[in-house]
Each structure stands twice: as C-alpha cells, then as structure tokens.
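Here's the structure we're looking at; comments come further down.
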Amino acid sequence: MSSDPPISQMQLYRDWLERENGLRFGNYAEMWTWSTTDLPAFWRSIWDFHQIQSRTPFEAVLGDERMPGAKWFEGAEVNYAREVFRHIEAADAMGLPAIVAEDECGQVREIAWPELRRRAVSLALAMRESGVVRGDRVAAYLPNIPEAVIALLACASLGAIWTICSPDMGAPAVLDRFRQIAPKVLIAVDGVHYAGKALDRSAAIAELRQALPSVETLFVVESGLAQTDIPGARSLEAALARDDAVVAAFEPEWLPFDHPLWILYSSGTTGLPKAIVHGHGGVIVTTYVGRLHFDLGASYEPHTFGERFHWYSATGWVMWNQQVGGLLFGTTICLFDGAPSGSKGSHDWGALWAFAARHRVTWFGAGAAFYSACRKAEIKFSDSGDLSAIRALGTTGSPLPAEVQSWGSAQFAAIKGGEMWWCNISGGTDVAAAFFAGHRELPPHPGKLQCRHLGAAVEAWDDAGKPLVGQVGELVVTRPFPSMPLYFWGDEDGSRYRSSYFKAWPGIWRHGDWLQIDSDGACTITGRSDATINRHGLRMGTADIYAAVEHLGDVADSLVIDIEDGQGDSKLLMFVVPTDGRALDSDMEAAMSSAIRRALSPRFVPDRFIDAPGIPRTLSGKKQELPIKRLFQGWPIAKVVNLDAIANPEIIPWYSARAKDWLEGVR
Numbered sequence: 006m007s008s009d010p011p012i013s014q015m016q017l018y019r020d021w022l023e024r025e026n027g028l029r030f031g032n033y034a035e036m037w038t039w040s041t042t043d044l045p046a047f048w049r050s051i052w053d054f055h056q057i058q059s060r061t062p063f064e065a066v067l068g069d070e071r072m073p074g075a076k077w078f079e080g081a082e083v084n085y086a087r088e089v090f091r092h093i094e095a096a097d098a099m100g101l102p103a104i105v106a107e108d109e110c111g112q113v114r115e116i117a118w119p120e121l122r123r124r125a126v127s128l129a130l131a132m133r134e135s136g137v138v139r140g141d142r143v144a145a146y147l148p149n150i151p152e153a154v155i156a157l158l159a160c161a162s163l164g165a166i167w168t169i170c171s172p173d174m175g176a177p178a179v180l181d182r183f184r185q186i187a188p189k190v191l192i193a194v195d196g197v198h199y200a201g202k203a204l205d206r207s208a209a210i211a212e213l214r215q216a217l218p219s220v221e222t223l224f225v226v227e228s229g230l231a232q233t234d235i236p237g238a239r240s241l242e243a244a245l246a247r248d249d250a251v252v253a254a255f256e257p258e259w260l261p262f263d264h265p266l267w268i269l270y271s272s273g274t275t276g277l278p279k280a281i282v283h284g285h286g287g288v289i290v291t292t293y294v295g296r297l298h299f300d301l302g303a304s305y306e307p308h309t310f311g312e313r314f315h316w317y318s319a320t321g322w323v324m325w326n327q328q329v330g331g332l333l334f335g336t337t338i339c340l341f342d343g344a345p346s347g348s349k350g351s352h353d354w355g356a357l358w359a360f361a362a363r364h365r366v367t368w369f370g371a372g373a374a375f376y377s378a379c380r381k382a383e384i385k386f387s388d389s390g391d392l393s394a395i396r397a398l399g400t401t402g403s404p405l406p407a408e409v410q411s412w413g414s415a416q417f418a419a420i421k422g423g424e425m426w427w428c429n430i431s432g433g434t435d436v437a438a439a440f441f442a443g444h445r446e447l448p449p450h451p452g453k454l455q456c457r458h459l460g461a462a463v464e465a466w467d468d469a470g471k472p473l474v475g476q477v478g479e480l481v482v483t484r485p486f487p488s489m490p491l492y493f494w495g496d497e498d499g500s501r502y503r504s505s506y507f508k509a510w511p512g513i514w515r516h517g518d519w520l521q522i523d524s525d526g527a528c529t530i531t532g533r534s535d536a537t538i539n540r541h542g543l544r545m546g547t548a549d550i551y552a553a554v555e556h557l558g559d560v561a562d563s564l565v566i567d568i569e570d571g572q573g574d575s576k577l578l579m580f581v582v583p584t585d586g587r588a589l590d591s592d593m594e595a596a597m598s599s600a601i602r603r604a605l606s607p608r609f610v611p612d613r614f615i616d617a618p619g620i621p622r623t624l625s626g627k628k629q630e631l632p633i634k635r636l637f638q639g640w641p642i643a644k645v646v647n648l649d650a651i652a653n654p655e656i657i658p659w660y661s662a663r664a665k666d667w668l669e670g671v672r
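Residue numbers for the sequence shown follow my numbering, beginning at 6 and rising by one.
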C-alpha cells in the first residue's frame with residue numbers, strides 16, 4: 006500500500022450521497038442525525054452504495070418500525086455467502102488471498118479466493134447430501150482457523166443456521182449453548198495447541214456427541230493431537246476436497262432478508278446463555294455500515310490495495326464474526342490461532358505484533374485488555390518487526406484507558422511518524438455490530454469512542470427517560486436497527502427477548518451500559534448499569550475507577566464491587582492483582598486511594614483493598630463484577646457463576662471462600 010492514507014470510506018460514501026441523492030452535510034453530526042431520523046433513506050443508501058445483490062425487489066426499506074419486531078427490506082432475497090463470493094474474480098485477478106492464517110506453532114496458510122469458494126461449496130454439497138436443508142442448525146467446535154470461516158460460508162450458502170463455540174470452552178458450557186438449538190451437524194477439532202501446550206479434544210467431542218442426540222453427522226478436523234479415535238466421524242478435509250462440475254455450477258440459495266444466518270450467545274456466566282438469532286440481511290447491511298466506520302476497503306481496489314484486516318479473537322466472541330465480515334468488502338483477513346501472550350510461564354506480549362509484522366497487517370484489532378497488558382509488560386512494538394504497514398488500531402471488549410491509547414500512539418509515532426488512528430468501538434453480541442465506532446476524519450479522543458454509529462439512534466437517558474448530554478445515563482436505542490436480534494432460540498412467546506431489552510421502557514432498547522455523550526459527539530461507556538457504584542447519591546461506572554488505578558505500574562488488574570448493608574450504607578471492596586513481584590501493602594493502597602481521589606472523588610475510595618490471585622473474566626475478557634457481588638451478598642455459587650463460561654475458573658473458589666468469610670463477619 007502507499008504510505009499516504011487512502012481516501013476514507015466515509016468520504017467515498019459522502020461523495021456518492023451528493024452525486025446520487027443531492028445530499029450534503031456540514032459535519033459528521035449532521036450526517037448521523039440524518040441517518041437516525043430518515044431511516045428508510047439512510048438504509049436504502051447503504052443498500053445502493055454497496056450494490057447488495059437480491060433476486061427480487063423489496064417492498065419497503067422499513068415496513069414496520071416497532072421494537073421489537075421491525076420489518077426490514079421485506080420481499081428482498083439475499084445471501085451472506087453470495088456477498089462474499091462476488092469479490093472472487095477481481096481479487097484473484099490481482100493475486101490477493103482471501104485468508105492468511107497462522108497458528109502459534111508458526112504454521113502459515115494462505116487461501117485464495119477461488120479456493121475459498123471451492124472448499125465452502127464442497128462442504129455445502131457434503132452437508133446437503135447428509136440431509137441438511139434450509140433452517141437446520143450446524144454447530145462448530147473450532148478455533149480461529151480457515152476451516153471455521155469455510156464452514157460458516159458453507160452453511161450460509163444452504164440457508165442452514167451457523168453457530169460456533171471455541172475449544173477453550175469446556176464441554177458443559179458448550180452443551181449449555183448447543184443443546185438449546187439441537188444441531189443436525191457438528192463440526193469439531195480433535196486437538197488444539199494453545200499457550201504452548203498441545204491439548205487433546207477427542208474426549209470433549211465424544212461428550213458433545215453423546216449429549217446431542219440431534220447430531221446426525223460429525224465432521225472432524227484432524228489435528229494429530231487426539232489421543233483416541235472418534236467413532237463415526239467424517240474427515241472434514243475430505244469433505245472440503247470435491248472439485249468437479251457440480252461444485253463449479255453451485256449457487257448459494259436466495260433467502261428472505263430476515264432468514265437466520267447465525268446464533269450467537271450471551272456470556273452465560275449467571276444463567277443459561279441467551280441464544281441470539283441474527284439474520285442474513287441485517288448482518289449484511291450493518292456490517293457494510295461498519296465498513297465505513299472501520300475505514301476498510303477491498304484489497305484489490307487501487308486506494309486500498311493490499312489491505313489486510315486482523316482482529317484477534319476466539320471464535321466464541323462476536324469479534325470473530327466481525328473479522329469474517331471483512332470478506333464482505335473484498336478484504337484479505339488475517340487469522341491468528343493461539344494465545345496472544347505466548348506460552349504460560351513465559352509470557353510474550355509481542356507475539357501478535359510479530360504476526361502482524363510478518364504478514365504486513367494494515368488494520369490491527371484486539372480487546373482493550375490486550376493493549377493494557379502490552380503496556381504493563383513494557384513491550385516495545387518495534388522489537389516485533391516492521392509494523393509500518395499498520396494504519397489503524399481497533400479496540401473493544403472494555404473501555405480503553407486514555408493513557409494506554411496515548412502510550413500505543415507514542416510507540417507508533419516512533420515507528421512511522423504521525424498520529425495513529427484508533428477505532429474504539431462498542432456494541433456487542435446482541436446486535437453483531439457496533440453502536441459506537443471510530444471515524445478516521447474526526448479528532449482523536451484517547452480513551453473514548455469517537456462517535457455514534459451511523460443509523461444507530463443511541464441516547465443516554467436519565468431515570469425519567471430524558472436525554473442527557475455531558476452526563477452519565479442509561480444507554481438506550483430509540484429507533485430500530487437492522488441487526489437487532491430476530492429472536493432468541495426457544496423463546497417461543499418472545500418474553501425473554503422483551504424482558505432483556507424492553508422492560509424498562511416499552512418500545513425502547515435498554516442496552517445495560519452507562520453512557521456519556523459529550524457535546525462534541527465523543528462517547529464514553531463507564532460500565533454496566535447493573536454493576537453501578539452508588540456512594541451517597543453519587544453514581545459512578547466501574548470503568549472510571551479502573552482507569553484511575555490501573556495506570557499505576559504496580560497494579561496489573563482490579564475489580565470493584567459495592568456491597569449494600571440493607572440500611573442505606575455500603576462497603577466498597579476492591580480486589581487488586583499486583584504486578585509480578587509486587588505485594589499489596591500500605592504504600593500501594595495509599596497510591597490507589599490518591600489516584601481515585603484525584604481522578605474521581607474521595608467517595609469512591611474503597612473501604613477495603615484485597616490482594617487477589619486474579620480477576621474473573623468471561624471468555625471474551627469482560628470483568629465479572631455482578632457474579633462476584635452476588636457471592637458477597639450470599640447467593641449460592643451454583644446460581645451465580647457458570648465456571649465453564651469463565652476464562653479463569655480456577656480463581657472462583659478463592660472468591661467463594663472470601664465471600665463466605667465476609668458473610669460470617671471475618672474481615
């Protein structure tokens with residue numbers, strides 16, 4: 006790629022709007038307002054600008070605006086895989102791969118665009134021959150490897166419904182998800198290599214197969230790490246090998262706009278995970294809007310030639326779906342299968358950066374916790390190789406502290422000069438998209454989200470339902486968004502869906518986060534609204550407290566909970582993980598207290614600091630404040646925490662013991 010920044014996707018879209026529709030906007034705020042007030046015009050423009058393929062015309066962009074239950078593009082027929090495959094000829098003509106993949110053992114694979122299609126079609130035909138029809142569920146137990154992407158496209162081609170869990174999840178957690186949907190096909194890997202260890206997964210596959218009587222066909226990715234054979238399994242590699250006239254003539258099925266594409270799951274840390282169903286059309290159109298915010302172009306287009314998109318993610322996190330979505334734009338996606346920190350016991354937080362350097366990644370994304378860990382480890386990006394191709398950094402999963410963003414920017418300024426653009430986003434599994442995103446042309450706001458996502462009518466509300474500016478309120482969405490869930494699987498009357506998002510204000514989506522929207526449009530997520538700290542009438546999101554203490558060099562991680570005593574008072578507890586070689590002592594407590602007083606208020610200085618062995622997180626890296634709070638309120642552990650949905654379940658017994666002591670008055 007040229008060293009000069011390419012023409013932004015937002016500019017290309019704005020130019021098109023003016024040329025085709027006569028629309029001009031003085032700034033982004035005006036364009037966002039238009040996108041959320043004239044929904045039919047905005048979403049029609051996204052359809053036309055991206056030339057979305059449909060066999061039939063749609064009757065109306067938005068036929069029914071109610072939430073839940075909005076009707077989008079009724080009459081249109083689309084297919085996610087068709088949208089991906091339309092880039093084959095142009096990308097292949099320029100010699101550009103669809104997928105570049107590497108595992109932590111150093112094995113590298115490249116998949117060409119025609120080969121991506123051939124393998125996906127071969128698998129689709131194998132599944133069709135095994136009885137898979139439109140609407141059947143196909144479940145995968147796979148890591149972040151090309152076979153997972155291929156299988157998703159195969160399912161989409163048939164109108165089957167895709168779902169996936171990562172092999173780092175235990176079988177009980179996977180079964181909590183897959184049992185709900187009764188899959189007809191299971192695709193699994195019999196072994197993985199993670200954090201320097203070879204792990205056999207054959208026993209887990211056997212357990213899944215035994216507990217899922219709906220499974221009629223089992224395809225296995227043979228890793229060479231399995232300790233036992235899996236009876237009745239078919240080789241996935243063999244199912245991908247077909248290459249004949251039938252494969253060449255295959256066409257993905259045309260499907261209704263709202264036909265289910267995939268099922269994602271909520272974290273499931275405090276109960277049965279919600280099985281969230283998203284449709285082909287909703288995912289397609291919102292991912293195309295996300296393209297504008299991510300500023301991602303086709304790898305074969307002159308102004309974005311050689312674009313390579315990477316977002317580090319396990320397959321069970323929605324960001325894996327977002328990375329696959331890069332194929333919708335004709336962008337080469339770069340997959341890394343392994344631990345971002347290297348081997349256990351000898352952490353190397355430069356491993357992902359070295360991967361990016363080797364493969365000339367242009368757009369690098371990861372969870373905010375990854376960047377914070379890199380800063381704590383004091384790594385130098387330049388030690389990982391030539392990172393000069395990177396032009397954008399993406400973050401999500403939790404708020405990114407401003408000092409971490411500034412630290413990363415300084416590193417890249419030393420590598421290539423100039424200001425690094427950070428695309429901080431927030432949205433989630435619920436919508437398989439973002440509500441807040443980046444915009445390359447807007448001023449940088451370290452630690453904040455640059456803007457609200459086009460088409461997302463997001464506001465911060467007070468308890469009375471009044472919009473707030475410059476103050477923290479409930480994150481709400483006041484008008485429909487195309488990738489809001491179609492429904493929850495098994496929620497026959499829709500009651501669980503409605504209670505999840507529309508209980509507080511009927512017809513208004515309540516997301517469950519605390520949000521502040523500044524007058525300049527920048528936004529800040531300050532934590533989950535169900536984990537709010539309320540100290541003597543002053544409310545504060547937990548993210549603000551973490552930001553105050555975790556910039557200290559001695560603090561590796563932290564978690565804070567507020568335990569009410571039932572008499573109008575409470576105790577604020579902070580669990581602290583010191584950096585290696587450091588112990589929690591009075592000097593460290595004083596430093597944290599001072600940081601909180603200075604950044605927030607003396608009211609939010611914890612009543613007690615507790616030295617902890619680790620902070621419980623979901624598999625996608627979110628801190629588990631509410632489950633730990635409930636333990637300290639006396640809830641039984643079985644009702645509070647699903648250990649199989651926790652990334653580090655080994656530390657939960659420690660918290661359970663501390664909670665027992667607390668309840669018994671042992672302080």
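Glycine residues also receive a C-beta, built at the ideal position from the N, C-alpha and C atoms.
The segment 512 to 532 makes no contact with the segment 366 to 378, as fewer than three CB pairs between them are under 8 Å. Beta bridge pairing from DSSP links Phe-614 with Met-579. Pro-188 is a Cβ neighbour of Val-220, given a cutoff of 7 Å. A contact is defined here as three or more CB-CB pairs under 8 Å, and the segment 410 to 427 meets this definition with respect to the segment 377 to 396. For Asn-429, the enclosing beta strand (DSSP E) begins and ends at 426 to 429. DSSP, reduced to helix, strand and coil, places Gln-521 within a strand of the structure shown. Between the alpha carbons of Asp-666 and Arg-613 lies a distance of about 14 Å. In the three-state reduction of the DSSP assignment, Ala-439 falls in the strand class, which pools E and B. For Ser-563, there is no enclosing alpha helix (DSSP H); the residue is found in the beta strand (DSSP E) stretching over 560 to 569. If you look at Leu-301, you'll find it isn't in any alpha helix (DSSP H); DSSP assigns it neither H nor E.
Closest option to Gly-201, judged by alpha-carbon separation, among Asp-342, Val-645, Gln-56 and Pro-621: Asp-342.
Counted as a single uninterrupted DSSP element, the stretch harbouring Thr-483 is not any alpha helix (DSSP H), since DSSP gives it neither H nor E. When DSSP assignments are scanned along the segment 325 to 401, the uninterrupted stretches of beta strand (DSSP E) that are 3 or more residues long and fall wholly within it turn out to be 337 to 342, 368 to 372 and 397 to 401. Residue pairing from DSSP places Phe-224 in a beta bridge opposite Ile-192 and Arg-239. Taking all protein chains shown into account, Arg-71 has fewer than 16 neighbouring C-beta atoms within 10 Å of its C-beta and is therefore exposed. Pairing Asp-300 with Gln-14 gives a Cβ-Cβ distance under 7 Å.
Nearest to Thr-434 by alpha-carbon distance, out of Ser-387, Gly-452 and Ser-488, is Ser-488. Taking a contact as a CB-CB distance under 8 Å, the pair Thr-336 and Ala-374 does not count as one, their CB atoms being some 25 Å apart.
Rounded to whole angstroms, Ile-642 and Leu-636 show a C-alpha spacing of 7 Å.
Less than 7 Å separates the beta-carbon of Val-83 from that of Phe-262.
Under DSSP, Tyr-492 takes part in a beta bridge, and its partners are Val-282. Annotation note: the segment 82 to 136 contains the following uninterrupted alpha helix (DSSP H) runs of length 4 or greater, listed N- to C-terminal: 85 to 90, 93 to 98 and 118 to 134. When the Cα atoms are used, Ile-150 and Glu-312 turn out to be separated by approximately 20 Å.
For the set Met-36, Gln-455, Ala-65 and Ser-162, the Cα lying nearest the Cα of Asp-523 is the one of Gln-455. DSSP places Phe-54 in the helix class (H, G or I) of the three-state scheme. Contact check for Val-252 against Ser-127 passes: the beta carbons are separated by less than 7 Å. Sixteen is the threshold: when 16 or more other Cβ atoms of the shown chains lie within 10 Å of the Cβ of Ser-40, as they do, the residue is buried. The beta carbon of Ala-117 is closer than 7 Å to those of Asp-97, Pro-102 and Ala-103 in its chain, skipping five residues each way along the sequence.
Comparing C-alpha distances from Pro-257 to each of Ser-240, Leu-130 and Phe-314 shows the shortest one belongs to Leu-130.
Rounded to whole angstroms, the gap between the alpha carbons of Asp-69 and Gly-399 is 34 Å.
Under the DSSP assignment, Pro-632 falls in the alpha helix (DSSP H) whose first and last residues are 630 to 637.
Note on Lys-381: 16 or more other CB atoms within 10 angstroms of its CB, so buried under the neighbour-count rule. Rounded to whole angstroms, Leu-17 and Glu-25 show a C-alpha spacing of 12 Å. Boundaries of the alpha helix (DSSP H) around Tyr-502: 500 to 506. Between the alpha carbons of Lys-453 and Ala-465 lies a gap of roughly 15 Å.
Proximity of the segment 616 to 624 to the segment 652 to 665 meets the contact definition, three or more beta-carbon pairs being nearer than 8 Å.
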